[in-house]
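Trainee:
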Amino acid sequence: MVTPTPYHLLSPRTIVTKIISMKQQEPEPPKIILQPRHRTSPAMWCAAIVCFAFSVLLILVGLVILIVFLTVKPRTPSFDVAHAALNSVYIGSPPPYFNGDMTLTANISNPNHKIGVVIHSGAIELFFRGRLVSAQALPSFAQRRGQFTVLNVHMLSSQVVLPPEVAVELLNQMKSNKILYTIRGTFKVRERFWSWHYTYRMTAICDLELTAPPSGFLVDRRCTTST
Ligand SMILES: *[C@@H]1O[C@H](CO)[C@@H](O)[C@H](O)[C@H]1NC(C)=O
6 MVTPTPYHLL SPRTIVTKII SMKQQEPEPP KIILQPRHRT SPAMWCAAIV
56 CFAFSVLLIL VGLVILIVFL TVKPRTPSFD VAHAALNSVY IGSPPPYFNG
106 DMTLTANISN PNHKIGVVIH SGAIELFFRG RLVSAQALPS FAQRRGQFTV
156 LNVHMLSSQV VLPPEVAVEL LNQMKSNKIL YTIRGTFKVR ERFWSWHYTY
206 RMTAICDLEL TAPPSGFLVD RRCTTST
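Quick note on my numbering: the sequence shown kicks off at 6 and runs consecutively.
As structure tokens, then:
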């Protein structure tokens, strides 16, 4: 066995030569490990970046809408019948037809504390036992936050043909001094905050109970609104 000469006994030149020869013996690291297995194309990178940016944007937009809704809390306008007067009901024959005259006071209010609304394309229809007996268009109007608008609507019915059993029912209700009508109000509501506005349809249904004409008054009403 040849024991290698200790380094301190070698000349500097020999040491350098030794080190260089050791370095050359070192195996080259395999190239494959240093390089990615396959290159991602620039187009793929681009698509990934666009996708990521879009997701972030979507989340931000969602958050902004959520925050706006939580601070503004949009609510639909409310519809109520404050007064109603049944001035006349006349049933003629034959065939049974109906003439009627009713005035009602509708109260439409904007319960929003932060949003003004515009109410347009409004109409009120009057039904007896599901039969349309009168209809009126409403004017358009704007409401500031928390404002209410009172509208007097004259519902006239002229020569409306009724099925005989419905006419009999109306005569019976007049005798018992308890007339049941239904009104339906339909509107388009435009809400606006900042520069953003949107429009939706709103329907109000009210069941009315009135006393008999000529001075019939509103005894009870129950209104529900839906969008
Ligand atoms: C209309 O409705 C608003 C809010 O519901 C109420 O404050 C107001 O007194 C009503 N006005 C009439 C005339 O009924």
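Where is the CB? At the ideal position from N, CA and C, for every residue including glycine.
Hey, how far is the Cα of F132 from the Cα of D225?
Mentor: The straight-line gap from Cα to Cα measures roughly 16 Å.
Trainee: Who are the near neighbours of H118 in its chain, counting only those whose CB is closer than 6 Å to its CB and skipping five residues on each side?
Mentor: Hits under 6 Å: R150.
Trainee: Alpha carbon to alpha carbon, how far is L215 from F74?
Mentor: Taking the straight line joining both Cα atoms gives about 40 Å.
Trainee: Whole-angstrom Cβ separation of I129 and G190, contact assumed at under 8 Å?
Mentor: Right, their Cβ atoms sit about 5 Å apart.
Trainee: Could I get the ranges of all uninterrupted beta strand (DSSP E) runs contained in the segment 168-215, with 3 residues as the minimum, in chain order?
Mentor: Listed in chain order, the complete beta strand (DSSP E) runs (minimum 3 residues) inside the segment 168-215 are 184-198, 201-215.
Trainee: Take S139 and list the residues in its own chain whose beta-carbon comes closer than 8 Å to its own, dropping the five residues that flank it on each side.
Mentor: So the list reads G105, M107, E130, L131, M160, L161, S162, V165, once near-sequence residues are dropped.
Trainee: So the beta strand (DSSP E) A142 belongs to, where does it begin and stop?
Mentor: Per DSSP, A142 belongs to the beta strand (DSSP E) from 136-142.
Trainee: Considering only residues of the segment 98-154, which uninterrupted beta strand (DSSP E) runs meet the minimum length of 3 residues and lie entirely inside it, listed in chain order?
Mentor: Here the runs fully enclosed are 102-114, 121-133, 136-142, 146-148.
Trainee: Does the beta carbon of V155 fall short of 6 Å from some heavy atom of ligand 1?
Mentor: Yes, since a heavy atom of ligand 1 falls inside the 6 Å radius drawn around the Cβ of V155.
Trainee: Which residue or residues does DSSP assign as beta-bridge partners of F222?
Mentor: Bridge partners of F222: A90.
Trainee: M27 to L65, Cα distance in whole Å?
Mentor: M27 and L65: Cα-Cα distance of roughly 60 Å.
Trainee: Spatial neighbours of T187 within its chain, please: CB distance less than 6 Å, with the 5 preceding and 5 following residues excluded, ordered by chain position.
Mentor: These residues qualify, in order along the chain: F132, D212.
Trainee: Let me know if E170 comes out buried or exposed under the rule of 16 or more other beta-carbons within 10 Å of its beta-carbon.
Mentor: Classification for E170: exposed.
Trainee: For S231, which residues from the same chain have a beta carbon less than 6 Å from its beta carbon, with the 5 sequence-adjacent residues on both sides left out?
Mentor: Contacts found: T208.
Trainee: What residue range does the alpha helix (DSSP H) around L62 cover?
Mentor: First-last of the alpha helix (DSSP H) with L62: 47-77.
Trainee: With F103 and A147 assumed to form a contact (beta carbons below 8 Å), what rounded beta-carbon distance in angstroms separates them?
Mentor: Actually they are not in contact, since the Cβ atoms of F103 and A147 sit about 36 Å apart, beyond 8 Å.
Trainee: Rounded to whole angstroms, what is the Cα-Cα separation between T110 and L156?
Mentor: If you take the alpha carbons of T110 and L156, they lie about 6 Å apart.
Trainee: Give a yes or no on whether the C-beta atoms belonging to Q152 and N112 are separated by under 7 Å.
Mentor: Cβ atoms of Q152 and N112: not closer than 7 Å.
Trainee: Alpha carbon to alpha carbon, how far is T229 from R206? Give it in angstroms, no decimals.
Mentor: Their backbone Cα atoms lie some 14 Å apart in a straight line.
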